[in-house]
Amino acid sequence: MIYCPTGFSPNLLLDVQNVWCWSFMQQAIEAGTLTAVVAGVVGYFVVLRRSAFTAHAFSEIGFAGAAWAVLYNIQPIVGLLLGSNLGGVAIALLGPRAKNRDTQIGIVLAFSLGLGLLFLSLYTTGYSTQTYAILFGEITGVSTGQVLETVGASAAILVGMGLIYRPLLFSSLDEDVAEAKGMPMLPLGIAFMVLVAVAVSFAVQVTGVLLIFSLMVTPAATALYLAKKPSRAIVASVVIALAATWLGLFLAFYTPYPVSFYITGEVFAFYLFVRFVYARFGWEKAPTSTLLRRPRDLSG
Amino acid sequence: MARAIEESGGPSLLEATGLSAGYEGKAVWEDASFSFGRGEFVGILGPNGAGKTTLFRVLLGLQRPMGGTVRIFGESPRRGNPRIGYVPQRHTIDTDTNVECLELVRLGLSGTRWGFNPLSHADAEAAERALEAAGAEYLAHRRLGALSGGELQRIFLAEALVSDPDVLLLDEPLSNLDIRRETELLHLVNSVVRTRKVTALLIAHNINPLLPHMNEVVYLANGKMVTGTPSQVLTSESLTRLYGVQVEVLKDPHGNVAIIGVEEHHGDIP
């Protein structure tokens, strides 16, 4: 048995080595890293398409699924995948206007939470632990098997996103023209929702159902302020999510507070900082400078 | 007044005979016939609900005609025809869209391709050419959400032009523009029509800004369509026949037109 120290020292390199020394922390870092990359990529489109509420809704449908799985002694991830994918496909079938169906989504969301609560109350042993893990995440409880599952799922999601990247971006920015150009809007919407559902299911292991936004929405929303080229914004979104996850794990290791709190707190603070700098200084010249510029000779 | 374009001969790009279209079995207009060649500027006029957008939907292959024949480039309309550039009606972008204009214009070309090709610069070059043609290269790196109505219309025009189309369908691009931007955009469309030999169909509410540019008019009203040159269509006789009630077309000394006798008059004398 190797001795792994736990105390915090002024030598940060040593502190990081100490964190890595623990196998449960290694697995947490591996799962967290994969989740952050996937959530950063998928999140960009969630924010661009204004599907944040939708994504949240099926993470809670996933909660009902996970609670059901726990009740029948099935792995929670199976229930999560089942619930969130069902929710995702259903919302995609509602059509591209789903983002305007706040009321219906809210109603389904509330019912799903209630259903999940019922399943968990039927489960007599370890009721509160399970509920807590699904709602708020339990990254330090990730097993090597779960890490391998996350590797597979992350690879599949990234390949899928790569395949639909350009049509998805086009339909997110300009739905009407994309449709007129013959893009299959419904299959595209369903494919994206399925990818989000899988990403959400795995991200739940890190952040929990209720804190899913901290990796799926906040980094991407911040990145949209930092870069106006989609490819660069996606990189920025991934970097923010990664930094928040790693720092969160490091801080939580040396303090008595939960990882999820640190991740949500970090991304929120950074979001506020970026919004403040953007509002105060802006990094684009005031529109007046271009208004004054006359367009080229138009008489042709 | 309307300037005629001589070199519009040759086989027609757009052709319809006895065409009718509508929704749920109910025709919006019937028995429409037209034929437009290359390099024509066609103004599409008529009151609200007359079926102007329906005509575009038929040409785009988004809606099947209820009767008659329609040919575009000698074939039936089909969805996703790359030879048609389209700017939809009431087209807007959310004001918080922090994505640069060049990206949207690029997607007009590459947005229909699957996969991910970060190293391709061909579409970026095509996008820059399209922005130049739309007089909008200075907007390339601006954020979409920060544009004014007129600037946005130029970007949409560039997005429609990037695939090098032969036909442009512009659905009310002038709404929300002030008179100066309106004139600028029409000059721009006209220069595209002339330099690229593109046929532009433009839906508008006001006749007068179009008069110096368009050489053909499609006037939709009362479930029918008349087509011809502006001097043929915009007369008291022709519009009285179309509406079925007495309509008066007045002209002021500057050539501006006002239509009197219908609930909406589409030509305000400035």
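Heads up: the protein sequence lines correspond to chains A and B, in order. Position 174 of the first sequence, counted from 1, bears residue number 174 in my numbering, the numbering being contiguous throughout. Position 133 of the second sequence, counted from 1, bears residue number 433 in my numbering, the numbering being contiguous throughout. C-beta atoms are modelled at their ideal positions from N, C-alpha and C, and glycine is treated no differently.
> Using the beta-carbon of each residue, which ones in chain A are nearer than 7 Å to E516/B?
Replying inline: Per Cβ cutoff of 7 Å: no residues; E516/B is ~19 Å from chain A at best.
- Query: Which chain B residues sit within Cβ distance under 8 Å of P230/A?
  - Reply: V399 and E403
For the alpha helix (DSSP H) containing Y323/B, name the first residue and the last one. Where Y323/B is concerned, there is no enclosing alpha helix (DSSP H), although the beta strand (DSSP E) it sits in stretches over L314 to Y323.
_For R383/B, would you say it is in contact with chain A, using Cβ-to-Cβ distances shorter than 8 Å as the test?_
no
- Item | Neighbour flag for V177/A against chain B, beta carbons, 8 Å | yes
**Asked** Just how far apart, CA to CA, sit P570/B and R371/B?
**Response** For P570/B, the predicted model reports a pLDDT of 40, less than 50, meaning its position is unreliable; a value from the coordinates is still stated below. Roughly 39 Å separates the two Cα atoms.
Just to make sure I have the definition right: I need the residues of chain A whose C-beta is within less than 9 Å of the C-beta of E459/B. Which are they?
D174 and V177
Using the beta-carbon of each residue, which ones in chain B are nearer than 8 Å to I164/A? W414
Supposed contact pair A31/A and V204/A - C-beta distance, whole angstroms, cut 8 Å | About 11 Å; that fails the 8 Å criterion.
- request: Would you kindly work out how many angstroms separate the C-alpha atoms of F334/B and P377/B, rounded to a whole number?
  value: 15 Å
Exercise for review: Grab me the residues of Y262/A's own chain with a C-beta within less than 6 Å of its C-beta, minus the 5 sequence neighbours each way, in chain order.
Suggested key: G248, L251 and A252
Below-8 Å beta-carbon distance, L169/A vs any chain B residue = yes
**Asked** For the region 499-531 of chain B, which segments carrying the beta strand (DSSP E) assignment without a break, of at least 3 residues, lie completely within its bounds, in sequence order?
**Response** 499-503, 516-521 and 524-528
(Q) What does DSSP give as the partner residue(s) for D471/B in the beta ladder? (A) I503/B
- Between which two residues does the alpha helix (DSSP H) containing F53/A stretch? A52 to L71
In angstroms with no decimal places, state the Cα-to-Cα distance between I240/A and V267/A.
7 Å
Enumerate in chain order the residues of its own chain whose CB-to-CB distance from G658/B is below 7 Å, with the five nearest sequence positions on each side excluded. With chain B covering only 301 through 570, there is no way to say anything about residue 658/B.
| query | Of all the CB atoms in chain B, is at least one closer than 8 Å to the CB of A241/A? | reply | no
Taking the alpha carbon of D396/B as the point to measure from, which residue in V238/A, G208/A, L173/A and L195/A has its own alpha carbon closest? L173/A
- Message: Can you find the residues in the same chain that come closer than 8 Å, C-beta to C-beta, to M183/A, ignoring five residues on each side of it along the sequence?
- Response: P167, F170 and S171
Q.
Using 8 Å as the cut-off, can you tell me whether the region 316-335 of chain B makes contact with the region 437-446 of chain B, which would need three or more C-beta pairs spanning the two stretches below that distance?
A. no
- [ ] Answer yes or no: does any C-beta atom of chain B fall closer than 8 Å to that of M193/A?
- [x] no
Completely contained beta strand (DSSP E) runs for the region 231-294 of chain A, where each covers 3 or more residues
none
Exercise. Looking at C-beta atoms only, is the number of pairs between the region 209-226 of chain A and the region 175-192 of chain A that lie closer than 8 Å three or more?
Worked result: no
- Query: Taking 8 Å as the CB-CB limit, is R481/B close to chain A?
  - Reply: no
Measuring alpha carbon to alpha carbon, tell me which residue in G349/B, T353/B and G322/B is nearest P473/B.
T353/B
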